[in-house]
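Asker: Under my numbering, the residue at position 87 of the sequence shown is numbered 204, and the numbers go up by one with no gaps.
Positions of the beta carbon are idealized from the N, C-alpha and C atoms, including for glycine.
All values derive from a computational prediction rather than experimental measurement.
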Amino acid sequence: MIHAVDGVDVREWRDLDDVLPEDQLLLTAVASARDTALAAEVLELRAINEQLKRALGSRAVIDQARGMVMALTPCSSARAWDLLVDVSQHCNVKLRDVAAALVATAKGEALPEQLQRELRRALRRAHAADRR
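#1: Do you know whose CA, among 224, 243, 206 and 245, lies nearest residue 254's CA?
#2: Quick one: complete beta strand (DSSP E) runs, 3+ long, within the stretch 171 to 244?
#3: Measuring straight from C-alpha to C-alpha, what distance separates residue 178 and residue 149?
#4: Leaving out the 5 sequence neighbours to the left and right, which residues in its chain are closer than 6 angstroms to residue 253 when beta-carbon positions are compared?
#5: Who are the Cβ neighbours of residue 123 in its own chain at under 7 angstroms, not counting the five residues just before and after it?
#6: Please return the same chain residues whose Cβ sits closer than 8 angstroms to the Cβ of residue 125, not counting the five positions on each side in sequence.
#7: State the Cα-Cα distance for the pair residue 243 and residue 203, rounded to the nearest angstrom.
#8: Helix or strand or just coil, what does DSSP make of residue 249?
#9: In angstroms with no decimal places, state the Cα-to-Cα distance between residue 184 and residue 175.
#10: Please state whether the Cβ-Cβ distance between residue 186 and residue 195 is less than 8 angstroms.
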């Protein structure tokens with residue numbers, strides 16, 4: 118039931134039968150449009166919330182991988198980030214997946230050959246840039 122349209126409480130109308138049928142349709146359309154807009158906004162906010170949850174989960178793994186790179190190849194946090202991004206882009210693998218693979222090596226898992234190869238290349242490029 119519609120209770121308010123543009124701030125006007127329609128319950129104040131004593132008898133909705135006094136409202137013209139065209140106006141009833143308009144009132145229903147306005148309420149329906151608002152409900153649709155509200156539903157769309159709720160769905161959008163839920164999607165954003167899910168994206169943020171995934172991003173926070175990915176961020177922890179990426180930060181762990183960054184720390185590993187910093188420990189293994191004495192470099193700054195920014196340089197470690199750049200190396201991980203470089204590997205990700207050259208392998209066409211999402212950054213979070215590169216990071217997860219690197220972190221998994223601490224548990225005894227082997228780093229996939231493609232990532233090993235590209236990490237070596239990224240390190241060579243970084244060292245070459247430092248020498249310039």
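Answerer: For this structure:
#1: Residue 254 falls outside the range modelled here, since the chain spans only 118 to 249, and no answer is possible.
#2: Correct list: empty.
#3: Roughly 44 angstroms between the two C-alpha positions.
#4: A query on residue 253 cannot be resolved here, the shown segment of the chain reaching from 118 to 249 and no further.
#5: Reliability of the predicted coordinates at residue 123 is poor, the pLDDT of 47 falling under 50, and no value is obtained from them.
#6: Note that residue 125 scores 49 on pLDDT, short of 50, meaning its location in the model is unreliable; the coordinates nonetheless yield the value given after this. Excluding positions up to five away in sequence, the list is empty.
#7: The alpha-carbon of residue 243 is positioned some 10 angstroms away from that of residue 203.
#8: Secondary structure at residue 249: coil, using DSSP grouped into helix, strand and coil.
#9: Answer to the nearest angstrom: the Cα atoms are 14 angstroms apart.
#10: In this structure, residue 195 does not lie closer than 8 angstroms to residue 186 by Cβ.
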